[in-house]
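Numbering (the numbering used here), first residue to last: 1 to 270.
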């Protein structure tokens with residue numbers, strides 16, 4: 001059996017501690033594969049962190065913290081991660097902030113274009129399928145580290161209920177029957193939601209649960225921004241039900257957040 005010879009390095013040419021860089025320098029694989037594996041192709045970029053989508057009795061809640069990080073640096077304290085997709089659906093982004101916002105704008109335009117051409121909006125399932133196509137088209141960039149993994153939620157007028165969809169980087173689409181969370185703090189947020197969610201949860205209680213989940217994630221994950229009482233920065237929250245997409249104003253979210261924090265200070269937990 002012929003085996004590939006081990007690479008040799010001249011004195012003074014240290015191969016370095018990065019196996020990815022070493023593979024890029026010595027592999028005989030096509031250049032495109034080497035480039036896709038390289039961790040040094042792009043500089044540090046801003047990444048949005050934790051977002052949640054929770055279904056309640058009459059609709060869904062979308063919420064996200066406001067922090068974006070670039071490596072170990074806070075790139076932004078006020079980034080928006082929750083957006084309307086159209087009148088009855090919304091999207092929450094986690095991952096590379098620039099491509100994610102671009103994807104949101106393209107998705108919004110796609111839904112508007114379809115409605116103008118066809119004379120009626122896409123079904124909620126159809127909207128989720130369109131977003132899956134956009135996520136899949138970002139796969140080459142995702143292989144270079146610019147991963148975008150959104151959450152999509154909306155009110156399905158045909159089924160008279162809220163629905164939540166999650167995606168993977170290949171464009172795989174999955175409907176969640178109750179809730180989902182994405183981003184670096186997603187696992188902590190999911191664990192908190194799992195302990196308190198129930199089928200008949202109401203709108204206001206669901207909003208407070210979303211806030212508690214984000215605060216719990218911020219306690220465990222350095223990339224997730226907690227409530228900033230000094231700068232008055234609080235999560236972005238929106239509800240979607242039969243009345244459509246409704247973004248909570250800053251004063252409402254601040255009052256709810258301070259109520260949650262007040263309970264925590266009194267020993268009632270997050």
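Glycine residues also receive a C-beta, built at the ideal position from the N, C-alpha and C atoms.
(Q) Could you compute how far the alpha carbon of residue 112 sits from the alpha carbon of residue 86? (A) Cα to Cα, residue 112 sits roughly 8 Å from residue 86.
Q.
So, for residue 110: in the same chain, excluding its five sequence neighbours on each side, which residues have a beta-carbon less than 7 Å away from its beta-carbon?
A. The beta carbon of residue 110 is closer than 7 Å to those of 130 in its chain, skipping five residues each way along the sequence.
Q: Say whether the stretch 155 to 170 touches the stretch 229 to 241, bearing in mind that this needs 3 or more beta-carbon pairs closer than 8 Å, one atom from each stretch.
A: Segment contact: the stretch 155 to 170 against the stretch 229 to 241, three or more CB-CB distances shorter than 8 Å; contact assigned.
Q: With a floor of 4 residues, list each alpha helix (DSSP H) that falls wholly inside the stretch 59 to 121, ordered by position along the chain.
A: Counting only runs of 4 or more, we get 97 to 118.
Q) Are the CB atoms of residue 225 and residue 66 nearer to each other than 7 Å? A) Going by C-beta atoms, residue 225 is nearer than 7 Å to residue 66.
Q | Candidates 52, 174 and 101: closest to residue 216 by CA position | A | Among 52, 174 and 101, the Cα nearest to that of residue 216 belongs to 52.
Q | 7 Å Cβ cutoff met for residue 82 and residue 162 | A | Contact: no.
(Q) What residue range does the beta strand (DSSP E) around residue 54 cover? (A) Looking at the DSSP string, the run of the beta strand (DSSP E) that includes residue 54 is 51 to 56.
Q. What whole-angstrom Cβ distance do residue 205 and residue 234 have, given they're in contact under 8 Å?
A. The C-beta separation of residue 205 from residue 234 comes to about 18 Å, leaving the pair out of contact by the 8 Å criterion.
Q.
Can you tell me where the beta strand (DSSP E) holding residue 204 begins and where it ends?
A. Not the beta strand (DSSP E): residue 204 falls in the alpha helix (DSSP H), residues 203 to 220.
Q) Among 230, 178, 223 and 231, which one has its Cα closest to the Cα of residue 210? A) Between residue 210 and the set 230, 178, 223 and 231, the nearest pair of CA atoms involves 178.
(Q) Using DSSP's beta-bridge definition, name the partner residues of residue 173. (A) By DSSP's assignment, residue 173 forms a beta bridge with 167.
Q: State the Cα-Cα distance for the pair residue 208 and residue 245, rounded to the nearest angstrom.
A: For residue 208 and residue 245, the distance between alpha carbons rounds to 18 Å.
Q. Would residue 150 pass as a contact of residue 193 if the rule is Cβ separation under 7 Å?
A. For residue 150 and residue 193, no; Cβs fall outside 7 Å.
Q. Alpha carbon to alpha carbon, what distance is there between residue 54 and residue 200?
A. Their backbone Cα atoms lie some 12 Å apart in a straight line.
Q) Beta-carbon separation of residue 63 and residue 44 under 7 Å? A) No, Cβ-Cβ distance for residue 63 and residue 44 is not below 7 Å.
**Q.** Residue range of the beta strand (DSSP E) that includes residue 240
**A.** Element bounds for residue 240: 236 to 241.
Q) For residue 129, which of helix, strand or coil comes out of DSSP? A) The DSSP-derived three-state label of residue 129 is helix.
Q. What whole-angstrom Cβ distance do residue 135 and residue 96 have, given they're in contact under 8 Å?
A. About 12 Å separates the beta carbons of residue 135 and residue 96, which is beyond the 8 Å limit, so they are not a contact pair.
(Q) Measuring only the C-alpha atoms, how far is residue 73 from residue 116? (A) Whole-angstrom Cα-Cα distance: 43 Å.
Q: Throw me the rounded Cβ distance for the residue 180 and residue 169 pair, which I believe falls under 8 Å.
A: Contact doesn't hold; Cβ gap of about 15 Å is too wide.
Q) Taking just the CA atoms, how far does residue 84 sit from residue 107? A) Cα atoms of residue 107 and residue 84: separation of roughly 10 Å, rounded to the nearest angstrom.
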